[in-house]
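Each residue of the sequence shown is one higher than the one before, counting from 4 in this note's numbering.
The C-beta atom is built at its ideal place from N, Cα and C for all residues, glycine as well.
Source: prediction; values computed, not measured.
Below: the structure, in structure tokens.
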Amino acid sequence: MLDMGVKKLSIALDERVAEAAAASAERHGLSLSAWLNRAAKDALAVEDGLAAVAEWEAQHGAFTAEEIAAADAVLDAARKAAPARR
4 MLDMGVKKLS IALDERVAEA AAASAERHGL SLSAWLNRAA KDALAVEDGL AAVAEWEAQH
64 GAFTAEEIAA ADAVLDAARK AAPARR
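As structure tokens, this is what we get:
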């Protein structure tokens, strides 16, 4: 997906959250804005994924324990193979 520019916002965070976010951004070599943007993208991706799972389960029934275990194994392997995120 192409970025379509930026929208400047003024936000308020709990003090401890703001401090922890700033520290994490620094550890990752990111500006706080870039870190917050990544966190928002990640949260939206999770939300989209959960909605897709709910839609699939509504049409086909709940995943079995075996299907969940297989998915967990695939995700574990992908995490081990993925390069570290900056």
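Exposure of residue i, with buried meaning 16 or more beta-carbon neighbours within 10 Å
{"i": "residue 59", "result": "exposed"}
Residue-level contact to chain D via CB, residue i, 8 Å cutoff
{"i": "residue 23", "result": "Among the protein chains of the structure shown there is no chain D, as only one such chain exists."}
Run of the alpha helix (DSSP H) containing residue i, from where it starts to where it stops
{"i": "residue 9", "result": "Segment: none, residue 9 is in no alpha helix (DSSP H) and carries neither H nor E."}
{"i": "residue 36", "result": "35-63"}
{"i": "residue 27", "result": "18-30"}
Closest Cα partner of residue i within the set the options
{"i": "residue 10", "options": "17, 51, 40", "result": "40"}
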